[in-house]
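S.K.:
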Amino acid sequence: MTTPDPIEQRRILKTAIPGPRSAELHRRKLSAVSAGVGVGLPVYVERAGGGVLVDVDGNQLIDFGSGIAVTTVGNAAPRVVERVRAQVADFTHTCFMVTPYEEYLAVCEALNELTPGSGEKRSALFNSGAEAVENAVKVARSFTGRQAVVAFDHAYHGRTNLTMALTAKNMPYKHRFGPFASEIYRVPMAYPFRWPTGPQNCSDEAFEQFVSLVHAQVGEENTAAVLLEPIQGEGGFIVPAPGFVRRVADWCTQHGILFIADEIQTGFCRTGDWFACEFEDVVPDLITTAKGIAGGLPLSGLTGRAEVMDVVQSGGLGGTYGGNPVACAAALGSIETMKADNLNARAKAIEALVLPRLQQLAAKYSQVGDVRGRGAMLALELVADAGDLTPNSVLTGRVNAFCHAQGLVTLTAGTYGNVLRLLPPLSISDELLAEGLDILEQAFAASI
Ligand code: PLZ
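Quick note, the sequence shown lines up with residues 24 to 471 if you use our numbering.
1) What is the residue span of the alpha helix (DSSP H) that ILE462 lies within?
2) Taking the alpha carbon of ALA329 as the reference point, which residue from PHE260, THR115, GLY140, GLN223 has its own alpha carbon closest?
3) Near the ligand PLZ, which residues have their beta-carbon closer than 6 Å to a heavy atom?
4) Tell me which residue opens and which closes the alpha helix (DSSP H) that LYS371 is part of.
5) Can you find the residues in the same chain that come closer than 7 Å, C-beta to C-beta, to ALA354, ignoring five residues on each side of it along the sequence?
6) Which one of ALA163, GLY396, PHE467 has the shortest CA to CA distance from ILE280?
7) Would you report the Cα separation of ARG395 and PRO123, rounded to the nearest angstrom?
8) Count the other CB atoms, across all protein chains shown, that sit within 10 Å of the CB of GLN382; report buried if there are 16 or more and exposed otherwise.
9) Report the residue from LEU137, GLY459, VAL66 whose alpha carbon sits nearest the alpha carbon of TRP297.
10) Assuming contact is defined by CB atoms lying nearer than 8 Å, are ASP285 and HIS180 in contact in what I supplied?
11) Throw me the rounded Cβ distance for the ALA171 and THR246 pair, which I believe falls under 8 Å.
12) Would you decide whether ASN441 is buried or exposed? Buried here means 16 or more other CB atoms lie within 10 Å of its CB.
13) Tell whether a beta-carbon distance below 8 Å holds between THR294 and ILE254.
14) Mark GLU252 as exposed unless 16 or more other C-beta atoms lie within 10 angstroms of its C-beta, in which case mark it buried.
15) Taking 8 Å as the threshold (C-beta atoms), are LEU403 and ASN423 in contact?
16) Roughly how many angstroms separate the alpha carbons of PRO29 and ARG108, rounded to a whole number?
17) Per DSSP, which one or two residues make a beta bridge with VAL391?
18) From the DSSP output, in three-state form, read off ARG51 for me.
19) Identify the continuous beta strand (DSSP E) that holds VAL75 and give its terminal residues.
20) For PRO263, which of helix, strand or coil comes out of DSSP?
21) Take THR186 and list the residues in its own chain whose beta-carbon comes closer than 6 Å to its own, dropping the five residues that flank it on each side.
22) Return the chain-ordered list of same chain residues with a C-beta closer than 8 Å to the C-beta of PHE302, the five sequence neighbours on each side being excluded.
23) Roughly how many whole angstroms lie between the Cα atoms of LYS37 and GLN429?
24) Go ahead and label LEU53 buried or exposed: buried means 16 or more other beta carbons lie within 10 angstroms of its beta carbon, across all protein chains shown.
25) Could you check whether the Cβ of ILE30 sits closer than 8 Å to any Cβ belonging to chain C?
26) Check SER323 in the structure and name its three-state DSSP category.
27) Buried or exposed for GLU374, going by 16 or more other Cβ atoms inside 10 Å?
28) By the DSSP assignment, the beta strand (DSSP E) with GLY72 in it spans what residues?
29) If you follow the beta strand (DSSP E) that ALA147 is in, where does it begin and where does it stop?
30) Below 8 Å on the Cβ atoms is my contact criterion, and I expect THR435 with THR413 to pass it. Report the Cβ-Cβ distance as a whole number of Å.
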């Protein structure tokens, strides 16, 4: 097997973005792929690595998206490629539920070791993030004998029926797809930037509202679990007000309610810790992981205290492909890379480099209402003006489109579509990061 030359870590624009070959492929997409599957930037990728995506026209784009927080270790990361190649040649599938294999165990052991909490833990593996969340709810209901699940405003947990119910945003995720699963209740998120009485009151008031809503409208004794993203992803990189996550988790413990941390987007070094919950020393009862865990191969995990995870009847959890050996090999290569290259430190270094530049943008443009995030999970929330917090999705779209045309892959987010989010792979160079930020600055100058 030949290994292609490493990709030169440089932005190269040979054609307009998208170029002619991408445009041709995109015409095929329109006639072959359901219109329901949207595309953010119709540039067709041929190779990728480090911080660069190479498209079919020979353009080299800077990657500030990591395929939505997935290629944390970089695309085609060497240790991932090596392990996947070896595994693919050995065997590709047996179904762990039929005849098991060691790679699955090794991933579960790594999850048990790396997730917060020192007690005995167990894990189970699945294919997608949504599936991990579904299984978290199954385990929580089975363990508690209760049914209700509490989720937050701006939450995103997936696109399956149960996870659509847990996801807050209608368009495009839920529109015309109901009816949704029952026994899901929604409470306000401690969203400092938009808290009606100001950010200083946010943590206390949001916690009071949470407690009173669950008590009055659901009942603690009916509540199986509270599900929370320690930093909300699709909802707009909302960092809950300080102390909020910790208080919610402690309150759950007092009432025999399981606290589930959805770390699918925040986990595996993205925020500068293995898991974002660690920032407030929160130990969730259950934790869902996916995305960054396996360097781009589909794999997700559910991890929790042994007595919780072991309550389910044998055969109650599973699936044909869950913990596929090739995906497990990729996860082992990813985790090895995170440890060997100290990617938590790298995420913190990225924050140190990027955050000041985003703050400069906020100082310069009154439309940048908020700068937030942690590690390599940073965002700008755009508004009408300094005194008018009306979400500015038009400007967000313009800045995003400008970046795309200049060969910088950026993503938007937010319930109101007014958040620009940066999720670079942790393998990106400082030079590419700085160049990407230059383009972002130009995008603001050109769009305002
Ligand atoms: N929980 C916190 O971020 C996936 C979704 C992209 P799956 N987020 C990206 C899209 O538009 O589909 C996500 C997440 C959190 C759950 C999920 C769901 O993970 O692997 O997409 O099912």
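We put the beta carbon where it would ideally sit given N, CA and C, even for glycine.
M.R.: Working from what's here:
1) 453–470
2) GLY140
3) ILE91, SER151, GLY152, ALA153, VAL156, TYR179, HIS180, GLY181, ARG182, GLU252, GLY256, GLU257, ASP285, ILE287, GLN288, ALA313
4) 366–387
5) VAL130, ILE316, ALA317, LEU322
6) ALA163
7) 43 Å
8) exposed
9) LEU137
10) yes
11) 5 Å
12) buried
13) yes
14) buried
15) no
16) 17 Å
17) LEU405
18) helix
19) 75–78
20) coil
21) ALA153, VAL156, HIS180
22) PRO253, THR294, ASP296, ARG397
23) 11 Å
24) exposed
25) Protein chain content of the structure displayed is limited to a single chain, and chain C is not contained in it.
26) strand
27) buried
28) 68–72
29) 144–149
30) With a Cβ gap of about 17 Å, THR435 and THR413 do not count as contacting.
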